[in-house]
Every structure is written in structure tokens, then in C-alpha cells.
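J.: Numbering (the working numbering), first residue to last: 4 to 319.
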Amino acid sequence: MSDFYSLISYFYNKQGASTGTNTGSTNTGSGSNTGNTNTGSNTSSSTASSSQAPATQPVTTKKLRLMWNAYSYDASGKKLAVKALKAGQYLKVYGSAVTIGSSKYYKYADGKYVKAGNIDGTSRTLTGNAWTYTISGSREWSTTKLLKGSKVTTYGSQVKIKGKAYYMTGFTSNNVAKYVKAVNFQPKPVEVSTSKRLMRNSYSYSAAGKKLPDSMLKAGQYLKVYGSAVTIRKAKYYKYANGKYVNAGNIDGTSRPLKHNAYVYTVKGARNWNEAKRLKGTAVVTYGSRVKLSGKYYYMVGFSGQTALYIKAGNF
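Have a look at this one:
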């Protein structure tokens, strides 16, 4: 009996030990893995991620020279009631130029902005050679002549100096403001050329109306003239070459009504029988001033081929 009891106890104890080992191994190991791998790792990562704020980039600053007296404006583009900023000084501006309304501005202080055009300027192309001037309108001699086609940066709007418009273009090494005449940036009108016949021997003149030496043009030839006649010293001239002009009266002539019937004559004062009589009341174009032929005054009235035609001045 005691042997039977011992056998039952042996198997009972053996089964209990086996069950406890498996349960502990399965549950404990599984619980340990779950806690260490999943729950602990995810919680730690989430906490670290939510605690990091986005990095803030510092605003860059730079010193720029104010090229033009300038007002200050607020962030909405409204002019501030503060003293104007003086040209020539350097401003510390923040970041790049920003657009307010339709203009570009630089921020230079808290709530204060200045127009970028007074710092960066505007690039313009010269349409003619140009000199630089001071604020008094006198020549600024430290700067060489600026050539046609060159790019020049101007600052601000046009200013009037002694009745003429200028653009400010910078400073000299001595901190003197420089100006260029605004007309040197204006587009030049396209000159349309026209072929016109020269009806009288004519001198050539400069743009100032001064007679040029050795410049006699022979009547009868055709000239290519540019644009319309221009007034120089109360007389009308046509430009026919660079810096050369001819009296418009020797091309266009003057319309005059005949007071009498009139015959046509040659340069020798003889009747030109190939030309019909001109009738009283007829408008006849005469060219140049009167000329004396065989002791009498005539007006030149045109050509027949290459033959000059004349009518007595008394008929007008």
C-alpha cells in the first residue's frame, strides 16, 4: 500500500513540475519580449519625436548704401512721420527686398521699410554719349565720358537741375553725388529718309546753323534727307548727313501767285520756248532768293530735265 501511494505521489509531482516550467517559460518569456520590444520601444520613440521643435533659420542682414534721400514706410506701405533718411549713409537691412503693394522695400528696423529703388536703383541704357554733373549742374570731371549703349544704374526719380531733368547715378570717391541728363536715356526717334531734289546751289550748315567750309551742293542732284525740316536760327533746314544740313527753301520752295501772265526763261535770260506761258493767278513754286540774269531779277521755278527754269520776279 505504501508502495502504491509513493508511486502516485511520484507521478503527481513530476506532472506539476513539468506544467510550471512550461507556463513560466511561455508566459514569462512572451511577456518579457512584449514589454521590452514593442511597448517600451514605441513609447520612447514617440516621446522623443514630439518633444523636438522645428529649427528657426536666422534672418540674414547686410549693409547697403542709400543712394537717394528716402522716406520710411510701415509694413503696409504707409509713409511714416519720421525724418527722411539721408543719401550716402549705409543701412543694415534684413533679408531680401519684399513687395508691398506694387513696390519693393527693404526692412531696416522694426516696423520700418525703405524703398528698394533708393538702394538697388534701375539699370538704364544710354542712347547717346553722356557726361556726369554735380547737383549744381556743373560738369563733374572725375568721371570719364559715358558711352552710348552703356548700362548705367540710376537711383530714384528724375530731378530738375537748372531747368533740365537728370538722374542721380551714384557718388564719386569724395562722396559727391553724380548726375546724368535724363535725355541721354530717352529713345531716339527713328529718322525716316526721303529723296528730295535740290533746286538751287546750296551751302551746307552745321546743327547750329553755321556755314560749313567747302560744302557747296550743286542744284539738280537728289539728296536723301532725314525726317522733317527743323528750325535753326529762324530758318528751316533739312538734315542730309551726320552733322550736315541744307536750307529747306532750296528744296521745298515757296508758293507764290502770279500777278501777271509770265514767260519762262533760261539761266542766260533767254526765252525758253519749250515752256508754256504761265497764267495770271496761277500758284508757282519758287526756290531760293531772287537772282540777277542779264540785269533783271528772276526766281528759279524748277527744272525741265537738267535745264533750270526762271520767271521774272516782277510777275509776282
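We treat Cβ as the ideally placed atom computed from N, Cα and C, and that holds for glycine.
Per DSSP, which residues does Y240 bridge with? Please list them.
T.: For the purposes of this step, residue 240 is taken as the residue at position 237 of the sequence shown. In the DSSP assignment, the residues bridged to Y240 are V233 and N250.
J.: Starting from K299, trace the beta strand (DSSP E) both ways and give me its first and last residue.
T.: Working through the sequence shown from its first residue, we reach residue 299 at position 296. It spans K299 to S307 - the beta strand (DSSP E) in which K299 sits, taken as one unbroken run.
J.: Using C-beta distances below 6 Å, list every residue in its chain close to T26, excluding the 5 sequence neighbours before and after it, in chain order.
T.: Numbered from its first residue, the sequence shown carries residue 26 at position 23. Any reading at T26 needs caution, since the residue's pLDDT is 42, under 50, leaving its predicted position unreliable; the model's value is listed next. Excluding residues within five positions, none has a Cβ falling inside 6 Å.
J.: Considering only C-alpha positions, which residue in the set R281, N253 and R68 is nearest to N178?
T.: Reading the sequence shown from its first residue, position 175 is the one you call residue 178. The shortest Cα separation from N178 among R281, N253 and R68 belongs to R68.
J.: Per DSSP, what kind of secondary structure is G317 in: helix, strand or coil?
T.: Within the sequence shown, numbered from 1, the residue matching residue 317 stands at position 314. Looking at G317 - three-state DSSP - the assignment turns out to be helix.
J.: Kindly provide the ranges of any beta strand (DSSP E) runs that are 3 or more residues long and lie completely inside the stretch 184 to 230, ordered along the chain.
T.: 196 to 200
J.: If you follow the beta strand (DSSP E) that R127 is in, where does it begin and where does it stop?
T.: Within the sequence shown, the letter at position 124 stands for residue 127. T125 to T128 is the extent of the beta strand (DSSP E) around R127.
J.: Identify every residue that forms a DSSP beta bridge with V155.
T.: Counting from one through the sequence shown, the residue named residue 155 turns up at place 152. For V155, which the question treats as bridged, DSSP gives the partners R127.
J.: Let's test the definition: count the other Cβ atoms within 10 Å of the Cβ of G252 and tell me whether it reaches 16, buried, or not, exposed.
T.: For this step, residue 252 is matched to residue 249 along the sequence shown. Label assigned to G252: buried.
J.: What are the complete beta strand (DSSP E) segments, minimum 3 residues, inside the stretch 60 to 129?
T.: Listed in chain order, the beta strand (DSSP E) runs fully inside the stretch 60 to 129 are 64 to 68, 93 to 103, 106 to 112, 115 to 118 and 125 to 128, counting runs of at least 3 residues.
J.: Determine the extent of the beta strand (DSSP E) in which A168 is found, giving its start and end residues.
T.: One-based indexing of the sequence shown puts residue 168 at position 165. Segment K167 to F174, the beta strand (DSSP E) holding A168.
J.: Could you please give me the residues that DSSP links to R142 through a beta bridge?
T.: Residue mapping note: residue 142 aligns to position 139 of the sequence shown, counting from 1. The partner list for R142 (beta bridge, DSSP) reads Y136.
J.: Given this structure, state the Cα-to-Cα distance separating G124 from S153, to the nearest angstrom.
T.: In the sequence shown, the residue the question calls residue 124 occupies position 121. In the sequence shown, the residue the question calls residue 153 occupies position 150. Whole-angstrom Cα-Cα distance: 16 Å.
J.: What did DSSP end up calling K295 once you bin it into helix, strand or coil?
T.: Numbered from its first residue, the sequence shown carries residue 295 at position 292. In this structure, K295 counts as strand in the three-state DSSP scheme.
J.: Mark L282 as exposed unless 16 or more other C-beta atoms lie within 10 angstroms of its C-beta, in which case mark it buried.
T.: Indexing the sequence shown from 1 puts residue 282 at position 279. It is exposed - the Cβ of L282 has fewer than 16 other Cβ atoms within 10 Å.
J.: Run the CB neighbour count on S307, radius 10 Å, all protein chains shown included, and call it buried at 16 or more, exposed below.
T.: Position 304 of the sequence shown, counting from 1, holds the residue named residue 307. Counting C-beta atoms within 10 angstroms of its own C-beta, S307 has fewer than 16 neighbours from the protein chains shown and is therefore classed as exposed.
J.: Straight-line CA distance for T50 to A73?
T.: The residue you call residue 50 lines up with position 47 of the sequence shown. The residue you call residue 73 lines up with position 70 of the sequence shown. Note that T50 has pLDDT 48, beneath the 50 cutoff, so the model's placement of it is unreliable and the number below is only indicative. Roughly 53 Å separates the two Cα atoms.
J.: Using CA coordinates, which residue listed in A279, N121, I164 and K82 is at the minimum distance from G140?
T.: Taking the first residue of the sequence shown as position 1, residue 140 is located at position 137. Answer by Cα proximity: I164.
J.: Report the three-state DSSP secondary structure of Y266 (helix, strand or coil).
T.: Residue mapping note: residue 266 aligns to position 263 of the sequence shown, counting from 1. Three-state DSSP puts Y266 in coil, outside helix and strand.
J.: Have a look at S218 and T285 and give me their C-alpha separation to the nearest angstrom.
T.: Numbered from its first residue, the sequence shown carries residue 218 at position 215. Numbered from its first residue, the sequence shown carries residue 285 at position 282. Straight through space, the alpha carbons of T285 and S218 are spaced by roughly 35 Å.
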